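> Note that the numbering used here has the sequence shown beginning at 1, numbered continuously upward.
For glycine and all other residues, C-beta sits at the position ideal for the given N, C-alpha and C.
Predicted model, so just to flag it, every value in this text is computed and none were measured.
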Amino acid sequence: MSIKPTARVGLAALIVVGLSVALPLSANAARQSRARHGATKPTIVLVHGAWADSGSWDQVIRRLQRDGYTVSAPPNPLMGLATDSATIADFLHTISGPIVLVGHSYGGEVITNAAYGDSQVKALVYVDAYIPAKGDTLESLTGAGSCFHVPQSDLPNLFDFVPFPGAPSGVVDAYVKQSVFPRCFANGLPAREAAELAATQRPLATNALTDPSGAPAWATIPSFAVVGTADHVIPAADQLSMAHRAGAIVARIDAPHLSMVADPRAVTNVIERAATHAG
Numbered sequence: 001m002s003i004k005p006t007a008r009v010g011l012a013a014l015i016v017v018g019l020s021v022a023l024p025l026s027a028n029a030a031r032q033s034r035a036r037h038g039a040t041k042p043t044i045v046l047v048h049g050a051w052a053d054s055g056s057w058d059q060v061i062r063r064l065q066r067d068g069y070t071v072s073a074p075p076n077p078l079m080g081l082a083t084d085s086a087t088i089a090d091f092l093h094t095i096s097g098p099i100v101l102v103g104h105s106y107g108g109e110v111i112t113n114a115a116y117g118d119s120q121v122k123a124l125v126y127v128d129a130y131i132p133a134k135g136d137t138l139e140s141l142t143g144a145g146s147c148f149h150v151p152q153s154d155l156p157n158l159f160d161f162v163p164f165p166g167a168p169s170g171v172v173d174a175y176v177k178q179s180v181f182p183r184c185f186a187n188g189l190p191a192r193e194a195a196e197l198a199a200t201q202r203p204l205a206t207n208a209l210t211d212p213s214g215a216p217a218w219a220t221i222p223s224f225a226v227v228g229t230a231d232h233v234i235p236a237a238d239q240l241s242m243a244h245r246a247g248a249i250v251a252r253i254d255a256p257h258l259s260m261v262a263d264p265r266a267v268t269n270v271i272e273r274a275a276t277h278a279g
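(1) Is it true that the stretch 102–116 meets the stretch 42–52, where meeting means three or more beta-carbon pairs spaced less than 8 Å apart?
(2) Leaving out five residues on either side along the sequence, give the residues of the same chain with a beta carbon under 7 Å from the beta carbon of D211.
(3) Three or more beta-carbon pairs under 8 Å between the stretch 158–175 and the stretch 262–272, yes or no?
(4) Since I believe V250 is in contact with L240 (beta carbons under 8 Å), could you give me their beta-carbon distance rounded to a whole number of angstroms?
(5) What's the C-alpha gap between C147 and C184?
(6) Would you list the one or two residues that DSSP bridges to R183?
(7) For I99, which of helix, strand or coil comes out of DSSP?
(8) Give the DSSP-derived three-state secondary structure of I44 in the structure shown.
(9) Return helix, strand or coil for D238, following the three-state DSSP convention.
(10) Taking the straight line between their C-alpha atoms, what separation do you get for P235 and G145?
(11) How many Å lie between D67 and P151 at the Cα?
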């Protein structure tokens with residue numbers, strides 16, 4: 001049975017009216033609950049990086065939820081810094097109360113921009129992440145020690161480049177070659193797990209590599225950094241340099257680039273430390 005256009009309009013109107021009533025009531029109920037029971041724990045928002053998805057946070061999510069935190073891991077579009085940071089910023093605006101915002105790898109650049117000017121974000125946590133200053137790009141922050149730092153002519157040996165509909169001129173999706181993924185991006189993980197992650201990776205639009213970062217949120221928001229000392233993508237020395245520039249509290253752990261997969265307990269501990277600070 002088909003629905004007449006007028007019926008669809010009526011349903012849409014009901015939804016809009018319902019939301020306009022429900023959202024203020026929900027926010028008011030949340031405020032009343034906090035007044036009765038005291039300050040609640042901050043919401044933890046986890047932002048994945050390139051060549052990954054929100055599933056990379058699964059083990060951290062389980063630990064945080066077990067410890068009583070509300071956790072969200074929204075998808076990062078991986079379509080370029082402006083789009084990605086705006087998407088995450090819009091998501092943050094749907095949350096009532098304090099937020100601890102966590103980013104892994106390229107997700108660090110995204111949270112640096114998404115949280116700028118957002119008074120609800122009380123702490124930033126960078127997990128094996130880029131921590132850019134204004135004007136920095138992924139390309140400029142990827143140092144000589146990175147497994148991704150190669151001459152332009154060698155990039156086809158690391159990545160598969162795939163066109164996508166509606167892409168800006170010269171922009172394609174980049175996938176890490178499955179033969180490269182385990183030793184570079186997923187070093188330190190069991191071979192089977194690394195192969196599965198390589199097969200399910202999400203691509204990064206190549207404009208994200210050269211999009212300049214804006215004014216950094218870490219200039220006004222307390223920051224924490226998990227530095228994996230066995231990281232092949234962002235060497236520990238580069239992570240430490242960025243973390244110190246941002247004034248971040250640093251936790252070094254013996255882990256590879258995907259530290260939240262390799263050592264979720266250590267990563268969770270740092271996030272909860274940031275949450276305590278935020279509270």
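The answer reads as follows:
(1) yes
(2) G80, L81, A82, T137
(3) no
(4) With 8 Å as the limit, L240 and V250 qualify as a contact, their Cβ atoms being about 7 Å apart.
(5) 6 Å
(6) According to DSSP, which records beta bridges pairwise, R183 is partnered with nothing at all.
(7) strand
(8) Assigned with DSSP and collapsed to three states, I44 falls in strand.
(9) helix
(10) 6 Å
(11) Their Cα atoms are separated by approximately 46 Å.
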